[in-house]
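Engineer:
Number of protein chains: 2
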Amino acid sequence: MITDTTQHPADSIENLIQSMSLREKIGQTVQLGLNSRFCNEETLERHLEEFPVGSVFCGGEIITSAEGKSAALREKLARAQRASKYPLLVAGDLESGAGQAVADKTRFPMLLSLAACRDEKMAYEYGKYTALEGREAGFNWTFAPVVDVQKNWLNPIVTNRGLGDDPQRVAALAGAIIEGMQDHGFAACAKHFPGDGVDFRDQHLITSVNSLTEEEWWEVHGGVFQSVIDRGVRTIMPGHIALPWCDSFRSSSGRPRPATLSEPILTQLLRERMGFEGVLVTDALIMAGFVGFASRSERLLQAFAAGNDVMLWPENDYYSLMERAIEEGRVSTERLEASVRRILTLKQQLGLLDAADAAEQFAPIEEDSEVRRQAVDLSARVADESITLVRNRENLLPLNSDRARSVLLHSAIPEQADSRYIDLLAETLEARGLEVTRHKNGNCLDVNKMEQEGKHWDAYLVVYSLQIHQMKNAVRPVGELGEVQWAQQYAETMKPITISLNTAYLTFDNPYLDTLVNAYSPCPTVIDALVRALFGELPFDGQSPVDLETIPERTGFLG
Amino acid sequence: MITDTTQHPADSIENLIQSMSLREKIGQTVQLGLNSRFCNEETLERHLEEFPVGSVFCGGEIITSAEGKSAALREKLARAQRASKYPLLVAGDLESGAGQAVADKTRFPMLLSLAACRDEKMAYEYGKYTALEGREAGFNWTFAPVVDVQKNWLNPIVTNRGLGDDPQRVAALAGAIIEGMQDHGFAACAKHFPGDGVDFRDQHLITSVNSLTEEEWWEVHGGVFQSVIDRGVRTIMPGHIALPWCDSFRSSSGRPRPATLSEPILTQLLRERMGFEGVLVTDALIMAGFVGFASRSERLLQAFAAGNDVMLWPENDYYSLMERAIEEGRVSTERLEASVRRILTLKQQLGLLDAADAAEQFAPIEEDSEVRRQAVDLSARVADESITLVRNRENLLPLNSDRARSVLLHSAIPEQADSRYIDLLAETLEARGLEVTRHKNGNCLDVNKMEQEGKHWDAYLVVYSLQIHQMKNAVRPVGELGEVQWAQQYAETMKPITISLNTAYLTFDNPYLDTLVNAYSPCPTVIDALVRALFGELPFDGQSPVDLETIPERTGFLG
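Chains as they are written, first to last, in UniProt numbering: chain B, 1 to 559; chain C, 1 to 559.
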């Protein structure tokens with residue numbers, strides 16, 4: 001890494017651009033997925049020599065190879081920085097704290113939990129500690145927060161990754177998170193422009209559509225994005241989402257052009273009309289929402305031409321494609337340099353072009369630091385204030401610690417899904433001295449059979465943990481989970497206390513739940529808060545971040 | 001079985017009623033699920049002595065114990081008839097031919113295939129051969145046809161079990177099926193009153209709601225039911241479906257009262273206003289759509305009081321409950337006898353009260369009978385005329401037999417689901433000399449990787465087989481199937497030919513499919529017809545029985 005401040009002073013971005021070869025400039029617009037192939041330092045060095053990049057992405061794979069320890073990850077990233085001629089932006093999906101990416105950092109409850117607290121100060125801290133812990137692990141950029149607005153309860157992207165359905169609340173909380181991040185040396189990224197949450201479909205699986213009218217859009221997503229732009233968000237991620245009022249172009253298959261490929265959406269609307277001057281980074285280019293247009297090489301050039309600065313994980317032929325496009329005049333040098341300038345400006349803002357700061361970023365950190373203590377405390381506070389008592393019609397809650405000594409814990413969770421938070425819930429209950437009987441999914445008649453056999457528990461907890469935001473289209477209790485919904489109603493003597501560990505919308509599938517707690521997040525601090533709330537040791541302070549009043553009985557009705 | 005015509009002549013139903021004990025009258029209103037517990041003749045005899053019944057239901061379990069052979073099943077049913085003092089109605093879910101219930105009878109394509117043929121004569125035969133083959137196996141009553149109207153594409157009940165979304169077409173085809181059945185010694189059953197297909201939810205899992213206004217309802221479900229009543233349908237099955245315009249009562253949990261419990265819906269609307277004089281048989285009483293009201297015993301009495309004649313699988317205490325209710329005057333003898341009268345009238349219509357007919361029903365049948373030949377021929381004709389070419393924008397179809405020699409068969413089917421029809425498709429292609437490579441679900445990048453490795457096939461078939469109408473809420477490509485939708489779009493060189501073996505609505509999740517064949521039914525004759533149609537040996541004669549023109553992009557949108 002070049003850190004000589006006389007050669008690259010923070011105020012001489014133009015000199016830096018002029019010193020770059022064409023390939024180096026193109027490389028600035030590339031974000032490399034730092035997967036296991038690059039765990040070997042030599043391989044990475046060789047790769048960067050031929051294919052220089054401006055940024056790297058750390059996803060699950062390399063973090064796994066780092067065994068979840070941020071010290072090891074930081075070491076790898078330091079090597080990557082050394083292997084790169086220019087300092088690298090290091091990005092990750094740190095949507096709910098650095099602990100989402102690195103095991104020894106703090107996991108925060110999902111954004112929907114934060115939204116249930118309705119506390120902007122807490123949102124600022126959420127951003128702050130994500131940044132401070134993220135930087136300790138070597139990150140300087142997070143693709144967060146999700147600022148989408150859940151206008152459609154079937155939308156599979158926003159779910160508990162987002163801040164709910166109210167545009168004003170989303171804007172206020174997202175703005176605070178962004179400031180918390182950016183005040184502490186991080187680049188935030190508002191996603192997914194022009195706003196997810198309208199379509200029932202998933203951008204991973206298809207080009208989705210934000211079908212709001214121009215007027216509606218400005219009131220919802222437009223308003224949110226304008227607000228975070230005005231509050232200085234440094235980067236925005238366009239999604240593979242169409243916005244027909246702004247760009248009505250359709251391919252021969254009738255596919256509407258997604259934002260990632262749309263000059264009207266990215267340049268005319270977002271840059272020129274809304275005044276966004278920061279970095280635009282595409283959502284992943286392998287997603288099905290992107291791949292329906294033209295040939296792969298044509299798509300790549302179109303995406304760049306549309307206004308993106310950083311391409312998320314293009315294949316290696318992107319370099320030669322861009323070189324040829326510049327040569328042939330299909331992409332101008334000015335356009336390329338404009339993107340490089342925005343990327344270098346971001347690096348400058350983050351102190352990456354300044355030797356002293358770059359060094360500081362990799363300074364040793366203490367194991368049990370004050371930052372860590374504060375982050376853990378914040379995670380607990382968000383959890384404590386988020387647990388929402390949606391219904392308590394039978395006054396079953398809170399449970400009485402003296403009388404409720406045995407629990408039937410009926411989990412509704414897809415067979416192949418990670419059940420660690422259900423396990424943690426069981427352990428937490430057992431640690432209180434409760435006798436816990438566990439039952440997973442099963443047959444619709446199971447609980448009724450148990451009752452007929454004379455079995456009884458003091459409390460019957462039914463805990464739903466859906467597989468959401470995993471390209472599963474599964475924001476409702478589908479498959480085995482449907483039988484749990486059946487079974488809990490078929491209980492004769494036991495009254496179910498229903499708990500959701502993610503979706504806020506269980507009442508749309510079962511409007512007749514008498515007792516429902518929305519906990520929003522599979523997260524250790526949430527499990528802890530949930531149990532205390534169930535036993536009356538913590539007030540149910542959360543307020544639903546989505547409207548649950550009107551059951552949308554005609555969902556899917558064709559009129 | 002008592003078959004002495006002097007004692008029970010067909011014209012002396014009143015004498016028969018008067019000769020019955022109270023318990024025998026109550027028994028007439030009970031339908032017993034003939035599960036494996038009753039495969040032992042002695043057990044059944046002892047049971048019927050204490051708990052006499054009017055009808056039995058043969059579902060999957062006892063048919064399995066009969067090893068799928070109708071001769072063995074008939075033998076068991078003959079024993080049941082002998083064990084019963086009064087002749088039994090024998091019911092089953094023969095929705096798509098007797099082959100749906102008994103392996104050596106003929107399986108017809110699902111009703112949605114029949115609807116794609118738009119041929120009332122064929123619908124009549126569909127009913128006729130279901131009856132003739134069903135009677136050979138010992139049945140005299142089928143809970144079919146489904147006459148619901150698919151007004152909601154997310155509705156999980158109607159799907160390919162129903163006749164589509166057009167009320168006039170549903171009425172015309174359903175009426176023909178019913179006449180075909182009833183002209184040939186069978187009782188048909190129109191289900192599910194007051195009409196499923198409006199809600200996105202499943203009556204198995206929750207009380208669902210037909211939220212049409214009174215005017216809308218008469219145009220849709222009301223019109224269909226009135227039409228089949230006027231054409232003489234002998235039985236109707238109320239579903240656990242509310243109809244707020246007709247009955248606005250709600251339980252303390254806010255649960256709307258389903259038809260199965262509603263006197264306004266069953267007696268005032270269906271009997272008095274619509275003039276239905278036949279037998280009302282409840283949908284299964286264990287379904288969650290039913291179990292939310294009052295205590296189990298209260299519910300049972302309420303369901304009877306509402307107007308039902310036959311209770312589907314009540315537990316044994318139903319007898320003592322009813323005896324006490326009669327004693328206490330909560331149910332009148334007149335009301336009970338009215339139901340018994342309707343049930344005996346049905347038996348009389350079916351010739352069950354007449355010794356000669358009852359004997360004929362169990363007459364030996366030939367292995368390769370004319371009936372069987374006609375049924376097989378009908379199944380093939382329905383299949384041949386139903387295959388629907390929804391899109392052929394790239395003119396990929398029909399395939400050229402000389403040039404298309406290798407096929408990548410990519411199946412989209414839940415891991416645990418029955419894949420026998422995908423296997424059959426592969427075998428049928430191989431039997432034509434094609435080289436078939438199979439790929440199941442997998443990763444979104446799989447096909448793209450194969451292409452990058454230089455692999456190529458002359459045709460790329462993507463075959464969706466969803467798990468629908470199985471209480472799974474899964475009428476869309478959820479779970480692993482989402483990745484297939486992704487993978488097929490990410491193919492670079494191969495153009496997918498998409499085939500659906502059940503749902504007609506794949507274009508709602510993926511509106512940009514260029515090539516789509518809707519085959520509607522996992523059924524041997526459909527697989528055969530599908531392959532011939534793909535290779536141009538059969539015209540694509542099917543017409544979509546549901547409207548696919550307007551993609552409902554705002555499904556789930558909360559406004």
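Built from N, CA and C at the ideal position, the CB exists for glycine as well.
Would DSSP call residue 31 of chain B helix, strand or coil?
Structural biologist: As a working note, residue 31 of chain B is residue 31 in the first sequence. Correct three-state label for residue 31 of chain B: strand.
Engineer: Taking DSSP as the reference, what is the three-state secondary structure of residue 141 of chain B?
Structural biologist: Numbered from 1 along the first sequence, position 141 holds the residue referred to as residue 141 of chain B. Reduced to three states, the DSSP call for residue 141 of chain B is strand.
Engineer: Count the other CB atoms within 10 Å of the CB of residue 363 of chain C; is the residue buried (16 or more) or exposed (fewer)?
Structural biologist: Numbered from its first residue, the second sequence carries residue 363 of chain C at position 363. Any reading at residue 363 of chain C is ruled out, since the residue's pLDDT is 49, under 50, leaving its predicted position unreliable.
Engineer: Just checking: is the beta-carbon of residue 489 of chain C within a distance shorter than 8 Å of some beta-carbon in chain B?
Structural biologist: Working through the second sequence from its first residue, we reach residue 489 of chain C at position 489. Interface residue, yes.
Engineer: Quick one: which unbroken alpha helix (DSSP H) runs of 4-plus residues sit fully inside the region 192-276 of chain C? Chain order, please.
Structural biologist: With a minimum length of 4 residues, the continuous alpha helix (DSSP H) runs that stay inside the region 192-276 of chain C are 214-217, 223-230.
Engineer: Is the region 494-511 of chain C close to the region 486-499 of chain B, with three or more CB pairs under 8 Å?
Structural biologist: These segments do not touch.
Engineer: Taking DSSP's pairing of strands, which residues face residue 312 of chain B in a bridge?
Structural biologist: Position 312 of the first sequence holds residue 312 of chain B. Paired residue(s): B/31.
Engineer: Just how far apart, CA to CA, sit residue 197 of chain B and residue 157 of chain B?
Structural biologist: By one-based count along the first sequence, residue 197 of chain B stands at place 197. By one-based count along the first sequence, residue 157 of chain B stands at place 157. Each residue's Cα considered, the two are about 7 Å apart.
Engineer: Could you give the residue range of the alpha helix (DSSP H) that holds residue 177 of chain C?
Structural biologist: Position 177 of the second sequence, counted from the start, is the residue given in the question as residue 177 of chain C. Its alpha helix (DSSP H) spans residues 167-182.
Engineer: On the premise that residue 59 of chain B lies in contact with residue 102 of chain B, defined as a C-beta separation below 8 Å, what is that separation, rounded to the nearest angstrom?
Structural biologist: Taking the first residue of the first sequence as 1, we reach residue 102 of chain B at position 102. Taking the first residue of the first sequence as 1, we reach residue 59 of chain B at position 59. That belief does not hold up - the Cβ atoms of residue 102 of chain B and residue 59 of chain B are roughly 12 Å apart, past 8 Å.
Engineer: I need the DSSP call for residue 555 of chain C, collapsed to helix, strand or coil.
Structural biologist: Here residue 555 of chain C corresponds to residue number 555 of the second sequence, with the count starting at 1. Note: residue 555 of chain C maps to coil in three-state DSSP.
Engineer: Assign residue 252 of chain C to buried or exposed, taking buried as 16 or more other Cβ atoms, counted over all protein chains shown, within 10 Å of its Cβ.
Structural biologist: One-based indexing of the second sequence puts residue 252 of chain C at position 252. Classification for residue 252 of chain C: exposed.
Engineer: Find the nearest neighbour of residue 159 of chain C within the set C/174, C/93, C/110, C/435, judged by alpha-carbon distance.
Structural biologist: Mapped onto the second sequence, residue 159 of chain C falls at position 159. Comparing Cα-Cα distances from residue 159 of chain C to each of C/174, C/93, C/110, C/435, the minimum goes to C/110.
Engineer: Beta-carbon of residue 206 of chain C versus every beta-carbon of chain B: anything under 8 Å?
Structural biologist: For the purposes of this step, residue 206 of chain C is identified with residue 206 of the second sequence, where counting begins at 1. Judged by the 8 Å Cβ criterion, residue 206 of chain C is in contact with chain B.
Engineer: Taking its Cβ as the centre, do 16 or more other Cβ atoms sit within 10 Å of residue 91 of chain B, making it buried, or is it exposed?
Structural biologist: Residue numbering aside, residue 91 of chain B sits at position 91 when the first sequence is read from its first letter. Buried, since its Cβ has 16 or more Cβ neighbours within 10 Å.
Engineer: Using the C-alpha atoms, what's the distance from residue 20 of chain C back to residue 28 of chain C?
Structural biologist: By one-based count along the second sequence, residue 28 of chain C stands at place 28. By one-based count along the second sequence, residue 20 of chain C stands at place 20. Going by the C-alpha atoms only, they are around 10 Å apart.
Engineer: Answer yes or no: do residue 238 of chain B and residue 308 of chain B have a C-beta to C-beta separation smaller than 8 Å?
Structural biologist: For the purposes of this step, residue 238 of chain B is taken as residue 238 along the first sequence, with counting starting at 1. For the purposes of this step, residue 308 of chain B is taken as residue 308 along the first sequence, with counting starting at 1. Contact flag set, yes.
Engineer: Need the endpoints of the beta strand (DSSP E) that residue 496 of chain B sits in, please.
Structural biologist: Reading the first sequence from its first residue, position 496 is the one you call residue 496 of chain B. Note, residue 496 of chain B: beta strand (DSSP E), 496-500.
Engineer: Based on DSSP bridge pairs, tell me the residues matched to residue 124 of chain B.
Structural biologist: As a first step, residue 124 of chain B is located in the first sequence; it is residue number 124 there, counting from the start. DSSP lists no partner for residue 124 of chain B.
Engineer: May I have the straight-line CA-CA distance separating residue 485 of chain B from residue 193 of chain B, to the nearest angstrom?
Structural biologist: Position 485 of the first sequence, counted from the start, is the residue given in the question as residue 485 of chain B. Position 193 of the first sequence, counted from the start, is the residue given in the question as residue 193 of chain B. Whole-angstrom Cα-Cα distance: 36 Å.
Engineer: Does the beta carbon of residue 199 of chain C come closer than 8 Å to any beta carbon on chain B?
Structural biologist: Taking the first residue of the second sequence as 1, we reach residue 199 of chain C at position 199. Judged by the 8 Å Cβ criterion, residue 199 of chain C is in contact with chain B.
Engineer: Given this structure, state the Cα-to-Cα distance separating residue 401 of chain C from residue 457 of chain C, to the nearest angstrom.
Structural biologist: As a working note, residue 401 of chain C is residue 401 in the second sequence. As a working note, residue 457 of chain C is residue 457 in the second sequence. Cα to Cα, the separation comes out at about 14 Å.
Engineer: Go ahead and pull the three-state DSSP assignment for residue 379 of chain C.
Structural biologist: The count along the second sequence starts at 1 and reaches residue 379 of chain C at position 379. Residue state, collapsed to three classes: helix.
Engineer: Please name the residue in C/132, C/161, C/234 whose C-alpha comes closest to that of residue 178 of chain C.
Structural biologist: The residue given as residue 178 of chain C occupies position 178 in the second sequence. Minimum Cα distance to residue 178 of chain C is reached at C/234.
Engineer: Less than 8 Å separating the beta-carbons of residue 220 of chain B and residue 175 of chain B?
Structural biologist: Along the first sequence, read from residue 1 onward, the residue named residue 220 of chain B stands at position 220. Along the first sequence, read from residue 1 onward, the residue named residue 175 of chain B stands at position 175. Against a cut-off of 8 Å, the Cβ pair of residue 175 of chain B and residue 220 of chain B comes out as no contact.
Engineer: How many whole angstroms separate the CB atoms of residue 439 of chain C and residue 408 of chain C, which I take to be in contact at a CB cut-off of 8 Å?
Structural biologist: The residue you call residue 439 of chain C lines up with position 439 of the second sequence. The residue you call residue 408 of chain C lines up with position 408 of the second sequence. Right, their Cβ atoms sit about 6 Å apart.
Engineer: In chain C, which residues lie with their C-beta within 7 Å of the C-beta of residue 557 of chain B?
Structural biologist: Counting from one through the first sequence, the residue named residue 557 of chain B turns up at place 557. Within chain C, the residues near residue 557 of chain B are 151, 152, 198.
Engineer: Determine, for residue 451 of chain C, whether the minimum Cβ-Cβ distance to residues of chain B falls below 8 Å.
Structural biologist: Walking along the second sequence from the start, residue 451 of chain C turns up at place 451. No, its Cβ sits nowhere closer than 8 Å to a Cβ of chain B.
Engineer: Relative to chain C, which residues along the region 201-230 of chain B have a C-beta separation below 8 Å, given in chain order?
Structural biologist: From the region 201-230 of chain B, only 201, 202, 204, 205, 206, 207, 209, 211 have a Cβ closer than 8 Å to chain C.
Engineer: Beta carbons nearer than 7 Å to chain B: which residues of the region 458-473 of chain C have them?
Structural biologist: Within the region 458-473 of chain C, the qualifying residues are 471, 472, 473.
Engineer: What is the DSSP secondary structure of residue 370 of chain C, reduced to helix, strand or coil?
Structural biologist: What you label residue 370 of chain C is simply residue 370 of the second sequence in a count that begins at 1. Helix, per DSSP.
Engineer: Check whether chain D comes within 8 Å of residue 478 of chain C, counting only Cβ atoms and requiring the distance to be less than that.
Structural biologist: Protein chains in the displayed structure are B and C, and chain D is not among them.
Engineer: Within 8 Å of any Cβ in chain C, is that where the Cβ of residue 534 of chain B sits?
Structural biologist: Translated into the one-based positions of the first sequence, residue 534 of chain B becomes position 534. It does not: the Cβ of residue 534 of chain B has no partner Cβ on chain C nearer than 8 Å.
Engineer: For the region 31-40 of chain B against the region 289-296 of chain B, are there 3 or more C-beta pairs whose distance is under 8 Å?
Structural biologist: Taking 8 Å as the limit for Cβ pairs, the verdict is that the region 289-296 of chain B does not touch the region 31-40 of chain B.
Engineer: Can you tell which of C/553, C/558, C/45 has its C-alpha closest to the C-alpha of residue 558 of chain B?
Structural biologist: If you number the first sequence from 1, residue 558 of chain B lands on position 558. Among C/553, C/558, C/45, the Cα nearest to that of residue 558 of chain B belongs to C/553.
Engineer: Using the beta-carbon count (16 or more within 10 Å), is residue 467 of chain C buried or exposed?
Structural biologist: As a working mapping, residue 467 of chain C is identified with position 467 in the second sequence. Classification for residue 467 of chain C: buried.
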